[in-house]
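Read through the structure below, which is laid out as C-alpha cells, and then see the notes.
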Amino acid sequence: MTASTPISLALALDVYLPVGIVVAMAILFAVFNLIATKLLGPSRSGQTKGITYESGMNPVGTARKRFNVRFYILAMTFLVFDVEIIFLYPWAVGYSQLTPRSPEATLFLGRIMFFLAASVVAYLYAWRKGVFRWE
Amino acid sequence: MTDVVAKLQTLVPEVTLLVGAVLAALLGLSRRKQVRDAVPWVTIATLLAAMVAVPFFNQLDGTTAAGLLMPMLGGTFKLGILAVAVLLCLLTVGLVDRRLEQAFATGRAPFDAMRTIRGEFYAFFLLSITGLSLVCSARDLVWLFLALELTSLPTYIMVALSRGSRRAQEAAVKYFFLGAMASAVFLYGFALLYGATGTLVLTDMRGTFALQASTGGVSNLAVIGMILTVLGLCFKIAAAPMHFYAADVYEGAAAPVTAFLAFVPKAAGMLALMLLLGTMGWSGHSMIVDSIGFRQPIEGLPQPVVTVLWMIATLTMTLGNVGALLQRSVKRMLAYSSIAHSGYMLIGIIAGPTTGLAAVLFYLFAYGIMNTAAFAVLAGLERRGEEIESLDDLAGLRQRHPGMSVVMALAAGSLMGLPPLLGFWGKLYLFIAGVQAGHVPLVVIAAVNSAIAAWYYLRLVGLPILSRPSPQSETIGNGLSVWPRVAGVLGAVGVIVLPLLLRPMFDTAALAVSGYAKADSPTAPAGTLAAKALASESLASEALASEQESAD
Amino acid sequence: MSAALLILLPLVTAIAIAFAPVRLARWIGLAGSIALLAVAAVVAIAFGHWTDGQFGLVASVSAIPEIGMSLSVGADSVSLLLVLLNALLMPLCVAGSFTAISEREREYYGWLLALAGAVNGVFLARDLVLFYVCFEFTLVPMYFLIAIYGGANRDWAAVKFFLYTFTGSLITLVGLVFVAYQYSLVNQGWTFDIPALTDFAANSLTLKQQALVLLALMAGFAVKVPLFPVHTWLPLAHTEAPTAGSVLLAGVLLKLGTYGLYRFAIPMVPDAVVEYAPFIAVLAIVGVVYAALVCWVQEDVKKLIAYSSVSHLGFCVLGLFALNPLGAQGSVLYMINHGLSTGALFLCVGMIYERYHTRDMNELGGLARRMPVWAFFMGFFTMSSVGLPGLNGFVSEFLCLIGAFTATPDAATGYPGVLGPWYGLIAGTGMIAAAMYLLMMVGRVVFGPLREPRGHDSHGHQAGALPPDLSVREIAILVPLAVFCIVLGVLPRPFLTAIEPAVEKTLAAYPMIVEEQVAIHDQAGQPGQPEQPAFAVSLTTPTAPSPVRTLESAVP
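Chains as they are written, first to last, in the working numbering: chain B, 1 to 135; chain E, 136 to 687; chain R, 688 to 1243.
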C-alpha cells in the first residue's frame, strides 16, 4: 500500500549534544563516587556491619511489615508538591525570554497561575482531609 | 492569544464542571452536616450551570469549533449528556457515606475527614462527565485519548467507593485492570494510525486517508490501527469481545453507579468511535445499487474494518440478549441488556452519516433515560439497607410500591422497543439508518434480537405488576432517600412524554452530525466519481505543494 | 378530524378511568364505549365514500418530515366497517365484564378502552409508522388483560401471545422500512404514506424484492391471523383470556392480521403475491382442515371455539389470495361476520363459565333445561358460525369458496387465477367439519339430560349476583349481535356493494398483470405455444386447461 507521509528523520544530531553531555556527566559522577568511596572511605567488616539495616532494625521475621498509612500519605503529598515545583523551573527559564507585557507573556503567566491554583486547591484538599495532622 | 481565548470559550461548560468538581471535593470535607449534605445539590447545580453554558459557548454555526471533525457535536449532544447526568446524580443522593453519616449523627464516632468520601465521589462524578463532554470536542488523538481516560479513570474509583462490600472492591479492581488493558489496545491503535498518517489531528487524518483512498487504498497499517482502536473501544461500550467484565462489574457496583457505568463510558466510546471512523469516512458518499436494491459502497471504510464492525455488532447483540435470558439477578440482566443495546447502536455507527450517526446519538440519549429509570427502581428500594437484586425481589412489587412497579414496567417496555415509548423511536431510527445504508441483513438480525430481548424485558414488566408478592419481596421498603425514586419517576415520564418532542430531538441529532457531512462535501461531493477524483486531485496537488515547500 | 376522534376518544377515556374512583370505572368505561359507538355510527352515516371505494375522513399532520412521517388518518369503506365492528363489540365487552371482573377494575376497563383506541388506529392509519405503532400497541392491553385476569396458565399464555406477535411484526417493520427506503432511492425523499408506498412498491420493485417484502409482511401478519404453522399461541391465549379479552381477540385483533394482508400484502407486492399465492393458500387450507380436526377432539368449549377461529380465518385468507373481487369481498365480509358470531360465542361461553366455573364438556350437558334463553342464543350463534344459509356466516364463506373456485387460470375474470376448484373443494371439507364439531358441541352442552358440575347447587357461589338463566343485562348484550347476524345474513347486498369498489381498488394491480402477460405473448407472436405464463405456477390444479386459453379469454 502507499507509504505513510514521510517524516523527516534527517535531524541534526548536534542539537542533542547538551543532552549527551549531561548524560555523560551523570554517568561519570556516579562511577566516580563509587570508585572514590571504595578508595577513600574507611572500611570495616563484621557481623553487625553485615546485617541489612545498620540502624539496628532486625530483619528477622516477615518482610511484609505494615507501616502506618500516614507515612504513605505524607510521602505522596511530598512527592506531588515536589514534582510540581520542578515544573516551575523550565517555566521560569522560558518566561524570562519573553517580551514583558506582550500577549504571549500574559498567556504564559496565566498558564502557570492556573497550574499554581490547581496546586493550591490540591493543598487545600489535603489540608482539609487532615493529611498534615499526625495524631 | 485571542485564538487561545476563543478555544477556551468553547470549553466553558467543561471548566464549569471542573470548578464544580473542586467545590464538591472541598465541601465534602466540611465539619457541618448541612454542607456535606449539600454536595449532591452542588453537583446538580454545576450540571445545570454547564447545561446553560453550552448554547452560549458552543455556537451551532460551527465558528467556535472550526477545525473539528464534527463541529456541531459539542453544542448539541452535550445537552443530552448533561440532562442524563442530572438524572444519574439524583440517583446517587444518599448513596455514599451512609453508615458513616449515621455514626456521625448519632455521635458514635467523631467527625473524621479522612473517612468521608462523599466529596470525592461527586468530584469524580463530575470529572467523568467532564471527560465525556471533552470527547465531543476532541480535535486530535491526544485530546481524544486524554478525554477518554478522564471519563474512565474516575469510574474505576466510583465503583469501589459506591458501597463498602468486597464485591464492589473486586469489581473495581477487575474493571480497572481490564480497562487499563483496553486503553493499551486502543492506544496502540492510535499509535499505528499516527504512523500511517503522520498526524494526530483528526481533520488532517481525514485528508490523508482520502488521499490514500484515491491512490490505491488506505494503508494496511491504518487498517490494523483502526481495528485495534475499535477493539479497544469495545471495552468502553461493553461490546463483544470485550464485554466479559460488564456483568460482574455492574453487579458489584451499587445500582446508581451501575446506571452511571451503563451510560457515561458507553457514550464516550460511541462518540470516540464516530470521530475515529469519521477520519476514514463512511461509504455513504458514492454508492452503486445492486440487483436486490441494496446499496453497495464503492469506497469508504476499508472492507476489513466494516467486517470487524459487523461481527462485533452481531456478536454483541446476540451474546447480550442470550446472556440476559439466563440471569436471575436484575442487575446482571440489565448489564447484559446494556451489552445488547451497544450492539444495536453499532448499526448506526456502521451506517454512518448523517442518519446513522444521528440515530446513535438519539439512541444514546433515549437509552440513558430509560436505563436510568430502570436502575432507579433498584436504587430507590431496599431491604434492611441492602440493595434489591434478584428477580424474586421484584415480584408483586405493585402491592407495596405501585409507583415503582409502573416505573419499572415503563422502563422495561421502552428498553424493549415497544411503541409508542421512547425506545421504540430510537430503534426505528436505527433500523431506518441501517436499511438506508444497505445493511438489511444486520437490521434483520437486530429485529430478531429485539424479539429475544422482549422475552426477558417482559419479565421485568410482568413480575412487578402481575405476579403475587414473593416472601422476599414482602420485606422490601423504601430507600433512605426519596430522590432516586424521583429520578425514576422523572425517567418514566420522559419515556412517555419525550416522544411528543420527537421532531426537535431528531432535528437536533441530525444537526449534531451535519457538520461532518458539510465539511465532507468539498472533498467528496455526494455522488459522482468524477467529482471525487477531482477533489482528490486537488488534495494531491496541495500535498505536492507542501512537499515542495519543505524541500525549499 | 372525526377519524382522529375515533382513535383519541377511547384513549382519553382510558386515561380518565385510570384516575377515576374505582366504583366509577365500569360506568365511565361503558359511557366511553357507547360514546365511541355513537361517534362511529354518526361518522358512518355521514361518510361519503361508501360506494366509490375512495378514502374519506382524511386528515394529516406532519410529524417528522426528515423521514417523511406524518400523523395521517383516513378510511375507506372496508376500514370503516371494521371500525364499526370494533365500536359495536366494545360496549358489549365492557357490559359483559361487570360481574366477571371484581378486582383491579380501573386497570381492566382502562386497558379495554386503550385497546379500542389502538385498534381503531390500525384501521384508520394512512401512515406506516402510525399503523405500526398502533399495531404493536394493541399487544400491551391484551398482554395485561390476559396476564392479570386470565385463567390458571395465564402468565405463559400472555407471554407466548406477546412474543409470537412481537417477533413477527418486528420483521414486518424491517420489510416496510425497506420499501420506504427503496422509495427514497427513487424519489429523493422519505415518506411513510401508505398509498404512496403501495403505488411505488407495486410498480417499481422487482420480483425478487417483492418476494422479500412479502416474506417480511407474512412474518407479522400470518402470526396475527393466525395461519397454520404459527397459530399455536391462539388457543392458549383464548383459553386463558377473560371473556372480554377473548371476544376482542377473536373479534378484532385477529382481523388486524387479515386487514394487514388486505391493506399491504395484496396491493403492495402483486407480482410476488401472484407467484406465491398458492403456497399461502395451501397454508390457509391446511389450517382450515387441521384446525377443524383438532376441534373435533376438544373437551373445553372455549378451546374448541378458539380452534374454530383458526379454521375460519383460513377461509378468510383463502378468499383474499384468490385474488379476485369475489373472494376478496367474501374475505372482508368474513372478517366482520367472524367478529360478530365468534365474539358472541365467546360471550355465551363466558356466561356459562361465570356460573359453573368450568368449560369442560364432560361436566356440562343439557343446559337448555336450566337456561333456555342462553340455550337459544348459543344455538343461534353456532348456526351463524357454521354458515347456515340465512345467517351471516353463510354469505361470506360462500363468497370465499366461490372466489377460490373461480380463481382458475382460464376464468374470464380478468384477474390472474392461481388457485382453482381443488383449493375450494378441500377447503369446503372444513365447512362440513365445522358443522359437525360445532353441532356436536351444542348437542352435548345444550341438549340431552341435564349435567352440571359436581358440588354445584344450581346457584354457584355467586348466587346473589347471577340468576340461573341470563339476566336482562346479558340478554341486552347478545341481542344486538343476533340482530346484526340476521341483517348480514338476509341483506348482505348493501354491505357487498360498499365493499366491492374498495376491494377492486385494492386489487387494481392484478388485471394489469394479466394484460402484461397477454401483451408479452402477443408480441412474441406465438399464441399457440403451451408456454407457462409467470403467474400460473406449478401448483395450479392438474385439471386446469392450457393457460393459453386464459390469455385468449382475458383479452376483451
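C-beta atoms are modelled at their ideal positions from N, C-alpha and C, and glycine is treated no differently.
Computed from a predicted structure; not experimentally measured.
R:Met790, DSSP secondary structure in three states: Here the question's residue 790 of chain R lines up with position 103 in the third sequence. Looking at the sequence itself, residue 790 of chain R is Glu, so the reference to Met does not match. It is coil, neither helix nor strand.
Distance between beta carbons of E:Arg467 and E:Glu386, contact taken as under 8 Å: Within the second sequence, the letter at position 251 stands for residue 386 of chain E. Within the second sequence, the letter at position 332 stands for residue 467 of chain E. Rounded, the Cβ-Cβ distance is 5 Å, consistent with contact.
Residue(s) in a DSSP beta bridge with R:Ala812: Reading the third sequence from its first residue, position 125 is the one you call residue 812 of chain R. Note: R:Ala812 sits in a beta bridge opposite R:Val760.
Residues of its chain near E:Ile179, where Cβ-Cβ distance is below 8 Å and the 5 sequence neighbours each way are ignored: For this step, residue 179 of chain E is matched to residue 44 along the second sequence. Closer than 8 Å at Cβ, skipping near neighbours: Val221, Cys224 and Leu225.
Euclidean distance between Cα positions of E:Ser549 and R:Ala888: For the purposes of this step, residue 549 of chain E is taken as residue 414 along the second sequence, with counting starting at 1. For the purposes of this step, residue 888 of chain R is taken as residue 201 along the third sequence, with counting starting at 1. Each residue's alpha carbon lies about 31 Å from the other.
Collapsed DSSP secondary structure at E:Ala686 in the structure displayed: Residue numbering aside, residue 686 of chain E sits at position 551 when the second sequence is read from its first letter. Confidence at E:Ala686 is low in this model, with a pLDDT of 48, below 50, so its placement is unreliable and no value can be given for it.
Neighbour flag for E:Phe641 against chain R, beta carbons, 8 Å: Taking the first residue of the second sequence as position 1, residue 641 of chain E is located at position 506. So, interface residue.
Interface partners of B:Tyr125 on chain E, CB under 7 Å: Counting from one through the first sequence, the residue named residue 125 of chain B turns up at place 125. Here the neighbours are Ala160 and Leu161.
Rounded straight-line distance, which links the Cα of E:Val365 to that of R:Val679: A query on residue 679 of chain R cannot be resolved here, the shown segment of chain R reaching from 688 to 1243 and no further.
Contacting residues, own chain, Cβ-Cβ under 7 Å from E:Thr181 (five flanking each side not counted): As a position in the second sequence, residue 181 of chain E is number 46, starting the count at 1. Thr151, Leu152, Gly155 and Leu261, listed in sequence order.
Endpoints, alpha helix (DSSP H) assigned at E:Ser540: As a first step, residue 540 of chain E is located in the second sequence; it is residue number 405 there, counting from the start. It spans Pro537 to Met551 - the alpha helix (DSSP H) in which E:Ser540 sits, taken as one unbroken run.
Cβ-based burial, R:His999 [other Cβ within 10 Å; buried from 16]: Along the third sequence, read from residue 1 onward, the residue named residue 999 of chain R stands at position 312. Looking at its Cβ environment, which holds 16 or more other Cβ atoms inside 10 Å, R:His999 is buried.
Under 8 Å between C-beta atoms of R:Gly974 and R:Leu914: For the purposes of this step, residue 974 of chain R is taken as the residue at position 287 of the third sequence. For the purposes of this step, residue 914 of chain R is taken as the residue at position 227 of the third sequence. Yes, the Cβ-Cβ distance between R:Gly974 and R:Leu914 is below 8 Å.
Interface positions of the stretch 836-849 of chain R facing chain E (Cβ-Cβ less than 8 Å), listed along the chain: Asp842, Ala845, Val846 and Phe849
Residues, ordered as in the chain, of the stretch 813-827 of chain R that lie near chain E by beta-carbon distance below 9 Å: Val816, Tyr819, Val820, Cys821, Phe822, Glu823, Phe824, Leu826 and Val827
For E:Val228, three-class secondary structure by DSSP: Start at 1 with the first residue of the second sequence, and residue 228 of chain E comes out as number 93. Of the three classes helix, strand and coil, the one that applies to E:Val228 here is coil, per DSSP.
Which of helix, strand or coil DSSP assigns to E:Ile252: For this step, residue 252 of chain E is matched to residue 117 along the second sequence. Correct three-state label for E:Ile252: coil.
Supposed close pair E:Val123, E:Leu283 - CB separation, criterion 8 Å: It is not possible to answer for residue 123 of chain E, since the shown part of chain E is limited to 136 through 687.
Minimum length 4: unbroken alpha helix (DSSP H) runs contained in the stretch 318-372 of chain E: 337-349 and 355-372
Extent of the continuous beta strand (DSSP E) to which R:Val748 belongs: Here residue 748 of chain R refers to the residue found at position 61 of the third sequence. Start and end: Gly743 to Ile751.
Chain B contact for E:Ser421 (CB, 8 Å cutoff): Here the question's residue 421 of chain E lines up with position 286 in the second sequence. Because E:Ser421 sits at a pLDDT of 46, beneath the cut-off of 50, its placement in the model cannot be relied upon, and the following sentence gives the value as read from the coordinates. No, its Cβ sits nowhere closer than 8 Å to a Cβ of chain B.
Cβ distance (whole Å) where E:Leu337 is taken to contact E:Leu162 below 8 Å: Here residue 337 of chain E is taken as the residue at index 202 of the second sequence, counted from 1. Here residue 162 of chain E is taken as the residue at index 27 of the second sequence, counted from 1. So it is not a contact: roughly 38 Å between Cβ atoms.
Rounded C-alpha distance that separates R:Gly1030 from R:Val806: Residue 1030 of chain R sits at position 343 when you count from the first residue of the third sequence. Residue 806 of chain R sits at position 119 when you count from the first residue of the third sequence. Going from the Cα of R:Gly1030 to the Cα of R:Val806 covers about 16 Å.
Beta carbon proximity, E:Met249 to chain B, threshold 8 Å: Taking the second sequence and counting its residues from 1, one reaches residue 249 of chain E at position 114. Yes, E:Met249 lies at the interface with chain B (some Cβ there is under 8 Å from its Cβ).
Which residues DSSP lists as bridging R:Leu1078, in chain order: One-based indexing of the third sequence puts residue 1078 of chain R at position 391. DSSP, once it has assigned bridges, lists R:Pro1076 as partnering R:Leu1078.
The alpha helix (DSSP H) enclosing R:Arg1057, as first and last residue numbers: As a position in the third sequence, residue 1057 of chain R is number 370, starting the count at 1. Residues Leu1054 to Arg1057.
Straight-line gap, R:Ala762 to R:Ala690 (C-alpha atoms, nearest Å): Counting from one through the third sequence, the residue named residue 762 of chain R turns up at place 75. Counting from one through the third sequence, the residue named residue 690 of chain R turns up at place 3. Answer to the nearest angstrom: the Cα atoms are 8 Å apart.
Pair within 8 Å by beta-carbon distance, E:Ser608 and E:Leu529: The count along the second sequence starts at 1 and reaches residue 608 of chain E at position 473. The count along the second sequence starts at 1 and reaches residue 529 of chain E at position 394. Closer than 8 Å, so yes.
Min CB distance E:Tyr257 to chain B below 8 Å: Here residue 257 of chain E is taken as the residue at index 122 of the second sequence, counted from 1. No, no contact with chain B.
Nearest-angstrom beta carbon gap, R:Leu800 and R:Ile721 [assumed within contact, 8 Å]: As a first step, residue 721 of chain R must be located in the third sequence, where it is residue number 34. As a first step, residue 800 of chain R must be located in the third sequence, where it is residue number 113. With a Cβ gap of about 12 Å, R:Ile721 and R:Leu800 do not count as contacting.
Helix, strand or coil at R:Ser1028 according to DSSP, with G and I counted as helix: Looking up residue 1028 of chain R in the third sequence gives position 341. Three-state result, R:Ser1028: helix.
Under the three-state DSSP convention, the category E:Ser649 falls into: Position 514 of the second sequence, counting from 1, holds the residue named residue 649 of chain E. Three-state result, E:Ser649: helix.
Within the stretch 503-534 of chain E, ranges of the alpha helix (DSSP H) (whole runs, at least 4 residues): 526-529
Contact set between R:Ile858 and chain E, taken where Cβ atoms lie within less than 9 Å: Against the third sequence, residue 858 of chain R aligns to sequence position 171. Residues of chain E passing the Cβ test: Val579, Ala582, Val583 and Ala586.
Enclosing alpha helix (DSSP H) for R:Arg1141 [first to last residue]: One-based indexing of the third sequence puts residue 1141 of chain R at position 454. Taken as a continuous stretch (DSSP letters only), R:Arg1141 belongs to no alpha helix (DSSP H), as it is neither H nor E.
Positions along the stretch 141-157 of chain E whose CB lies within less than 8 Å of some CB in chain A: Protein chains in the displayed structure are B, E and R, and chain A is not among them.
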